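There are 2 protein chains.
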Amino acid sequence: MKGEIALGGGKEFDLIRAMRSRWGNRASGIGDDAAILEVPAGERLVVSTDASIENVHFRRDWLTPEEIGYRAATSALSDLAAMAATPFAVLVALSMPEEWVPDLPAIADGIGEAASIVGAQIVGGDLTRASELAIGVTVLGHAQNVLSRSGASVGDSVFVTGTFGGPASAVLAFEHGETPGTWARERFARPQARIREARWLADHGARAAIDISDGLLADLAHIARASGVRITVDLDALPVGEGMDAIRAASGGEEYELAIAAPIGLEIETFTREFGLQLSRIGAIEAGDARVDVTYRGDRVAPPVSWNHFSH
Amino acid sequence: MKGEIALGGGKEFDLIRAMRSRWGNRASGIGDDAAILEVPAGERLVVSTDASIENVHFRRDWLTPEEIGYRAATSALSDLAAMAATPFAVLVALSMPEEWVPDLPAIADGIGEAASIVGAQIVGGDLTRASELAIGVTVLGHAQNVLSRSGASVGDSVFVTGTFGGPASAVLAFEHGETPGTWARERFARPQARIREARWLADHGARAAIDISDGLLADLAHIARASGVRITVDLDALPVGEGMDAIRAASGGEEYELAIAAPIGLEIETFTREFGLQLSRIGAIEAGDARVDVTYRGDRVAPPVSWNHFSH
């Protein structure tokens with residue numbers, strides 16, 4: 001009786017091979033139990049992990065499979081932007097039901113594109129069956145000047161990159177069975193991880209940063225708590241998409257823009273010229289209890305706190 | 001109107017705080033967007049990610065929540081053992097339905113225990129809602145002498161650590177509604193990542209290694225392919241649990257023992273004395289097509305190939 005064992009047989013291996021061939025030279029070292037990497041000398045290692053779950057972070061009829069992959073990876077990469085780290089490696093843990101398998105190459109394309117944009121290699125992963133699609137993405141970066149949530153100082157100003165309200169507006173439209181506007185849909189489906197912007201900001205005086213995943217005000221509250229400061233925000237200064245509500249925009253998650261604390265002298269115009277992206281002063285860091293006070297059209301307001309995947 | 005934003009409010013943050021308090025000094029740096037780490041000078045960084053999914057890797061009525069967490073983390077840590085790397089950091093991406101929330105502290109305890117045993121810190125994570133429990137674990141290690149799947153040389157012997165058949169036997173019993181034997185259940189519920197053993201083996205001549213997650217024969221086929229060698233295995237030399245079938249034991253996954261290729265002179269007795277664990281020579285690396293040839297009781301046999309989560 002012949003005793004030969006098939007090599008790397010089975011559907012899982014075929015699927016992994018299919019992904020690797022989509023990634024081409026954007027992937028390296030996949031195929032051993034773990035990836036071997038080098039951190040540049042003198043730089044610190046920065047690591048984060050993030051999961052995107054079907055019907056929690058996205059719905060199948062809202063996005064293409066390529067967008068689902070792109071967005072899952074960008075969401076994780078955005079955490080490195082918040083630290084002003086430069087991504088160099090991505091690991092992907094994909095869990096999926098059978099019905100998603102035909103979409104795997106497109107999902108892989110989206111992940112590969114997100115990695116490619118920031119110059120990171122896909123170095124490993126895991127593929128398993130599950131009853132819903134889950135994309136776990138772990139990102140590794142390196143940084144010299146690390147930004148954190150805890151560096152805000154009294155007297156600093158609060159700045160945000162970009163224009164808010166797109167993702168919240170797109171989700172609202174989707175949930176009502178409507179088609180979102182082009183800009184809002186694009187902001188939801190194809191967010192940008194502000195990697196280069198964050199490094200520039202770290203090099204030009206930023207002292208604390210966070211990426212907007214829970215919602216601007218909820219994320220500023222994280223900075224307030226970590227830095228032990230009071231943050232005042234004027235929502236009239238927040239750039240929002242045309243016709244969009246500033247309070248909703250400040251409460252909606254998954255913007256993946258940056259909020260930073262920096263001294264007032266930050267060179268806003270240089271930044272905008274360099275990146276083609278708005279940088280707006282929306283508030284200040286003050287002494288006082290760790291909290292966020294918000295004004296809008298001259299009144300203090302208490303917007304809904306956050307986009308919380310565990311409570312909705 | 002008062003405009004104060006609750007700080008770190010919401011259930012997700014309460015749950016994260018609950019986990020952190022369980023982990024105590026086994027966790028560090030959690031609370032920013034990403035963890036900042038140092039790789040020891042002169043060592044290489046080794047990274048792997050792994051997901052454990054309810055009803056794929058375990059069933060709720062088979063294991064305690066503590067065992068589910070322990071096993072998920074150990075499964076990921078075992079990939080570092082396969083590379084002879086020393087774990088230093090663990091990131092946990094937990095996705096869970098509401099009904100699992102009361103079990104979160106116990107799951108966290110299990111993850112913390114697995115990290116603690118190998119001396120790794122829990123440095124970050126993600127917590128999200130999902131319709132089934134999924135535990136994504138990313139592990140970071142450092143290594144000087146990295147083992148891989150591709151280093152096996154013609155003339156080497158094939159060795160395995162430990163005694164096989166426990167997990168397969170436990171799963172068989174569970175699936176028939178029976179109670180597994182104590183040893184088999186323990187091997188399934190509380191596997192060991194062979195971290196120290198792997199470093200010893202790398203320092204004493206091992207040239208290739210893999211951890212047994214897909215099944216001994218399927219995993220040896222990975223070595224055969226990666227090293228471009230033929231592997232012959234004599235299943236009569238494989239230590240199996242009392243009354244267990246060697247063919248089933250060689251096909252069952254999730255043993256988390258090590259298979260290595262090393263020159264014949266490996267000091268088996270020193271290893272056994274050092275670790276209180278069997279090290280058995282079960283085969284040889286030969287020239288020829290990349291495949292695994294198996295004999296059992298004098299005959300060549302073709303056992304079922306692998307434990308494949310995508311095909312069952």
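Respectively, the protein sequence lines represent chains A and B. Note that my numbering numbers the first sequence so that position 306 is 306, with each residue one more than the last. Note that my numbering numbers the second sequence so that position 177 is 177, with each residue one more than the last. Each residue gets a CB set at the ideal place from its N, CA and C atoms; glycine is no exception. Owing to the predicted nature of the structure, the values given are computational and were not obtained by experimental measurement.
Within the same chain, Cβ atoms closer than 6 Å to the Cβ of residue 50 of chain B are found at 75, 76 and 137, the five residues on either side in sequence being excluded. By the rule that beta-carbons nearer than 7 Å mark a contact, residue 44 of chain B touches chain A. Here the alpha carbon of residue 32 of chain A sits roughly 45 Å from the alpha carbon of residue 177 of chain A. Proximity of residue 136 of chain A to chain B, defined by a Cβ-Cβ separation below 7 Å, is satisfied. DSSP places residue 87 of chain B within a strand segment (E or B) once states are collapsed to three. Looking at the DSSP output, residue 210 of chain B bridges to B:259.
Considering only B:40, B:86 and B:20, the residue with the shortest C-alpha distance to residue 126 of chain B is B:20. Counting along the chain, the unbroken beta strand (DSSP E) around residue 286 of chain A starts and ends at 279-286.
When the beta-carbon positions are compared, residue 119 of chain B and residue 70 of chain B stay at least 7 Å from each other.
Rounded to the nearest angstrom, the Cβ distance from residue 163 of chain B to residue 233 of chain B is 16 Å, too far for a contact under 8 Å. Considering only beta carbons, the part of the stretch 219-246 of chain A lying closer than 8 Å to chain B consists of 220, 221, 222, 224, 225 and 226, in chain order. Of the residues assessed, residue 264 of chain B falls on the exposed side of the cut-off, its CB having fewer than 16 other CB atoms within 10 angstroms. A distance below 7 Å separates the beta carbons of residue 68 of chain B and residue 107 of chain B. Excluding the 5 residues flanking it on each side, residue 65 of chain B has same chain C-beta neighbours closer than 6 Å at 103, 106 and 107, in chain order. Taking C-beta atoms as the reference points, residue 46 of chain A and residue 152 of chain A fail to come closer than 7 Å.
With fewer than 16 other CB atoms across the displayed protein chains lying within 10 angstroms of its CB, residue 268 of chain B is exposed. Take residue 150 of chain B, set aside five residues on each side of it, and the residues of its chain with a beta-carbon closer than 7 Å to its own are 208, 226 and 227, in chain order.
Taking residue 140 of chain B as reference, the option from B:277, B:82, B:285 and B:258 with the minimal CA-CA separation is B:82.
Residue environment: residue 191 of chain A is assigned as buried (16 or more neighbouring CB atoms within 10 Å of its CB, all protein chains considered).
In this chain, the beta strand (DSSP E) harbouring residue 124 of chain B covers 121-129.
DSSP, read as helix, strand or coil, puts residue 54 of chain A in strand. Neighbours of residue 211 of chain B in chain A, taken as residues at a C-beta separation under 7 Å, are given in chain order as 33.
For residue 195 of chain A, no beta strand (DSSP E) run applies; the uninterrupted alpha helix (DSSP H) run containing it begins and ends at 195-203, by DSSP. Considering only A:142, A:63 and A:231, the residue with the shortest C-alpha distance to residue 216 of chain A is A:231.
Note on residue 24 of chain A: under 16 other CB atoms within 10 angstroms of its CB, so exposed under the neighbour-count rule. Here residue 161 of chain A carries a strand assignment [DSSP, helix/strand/coil].
Within the same chain, and ignoring the five residues on either side of residue 297 of chain B in sequence, the residues whose Cβ sits closer than 7 Å to its Cβ are 236. Taking C-beta separations shorter than 6 Å and ignoring five residues to either side along the sequence, the partners of residue 54 of chain B in its chain run 132 and 133, following chain order. In terms of beta-carbon proximity, residue 154 of chain B stays away from the interface with chain A, with every pair separated by 7 Å or more. Neighbours of residue 131 of chain B in chain A, taken as residues whose beta carbon is under 9 Å from its own, are 53, 54, 55, 56, 131 and 132 in chain order. Residue range 65-82 is occupied by the alpha helix (DSSP H) that includes residue 68 of chain A. For residue 18 of chain A and residue 302 of chain A, the gap between their C-alpha atoms comes out near 50 Å. Interface with chain A (7 Å Cβ-Cβ cutoff): residue 96 of chain B is excluded.
A Cβ-Cβ distance of about 13 Å is found for the pair residue 258 of chain A and residue 204 of chain A, leaving them out of contact under the 8 Å criterion.
Going by beta carbons, residue 193 of chain B and residue 135 of chain B fall outside the 7 Å limit.
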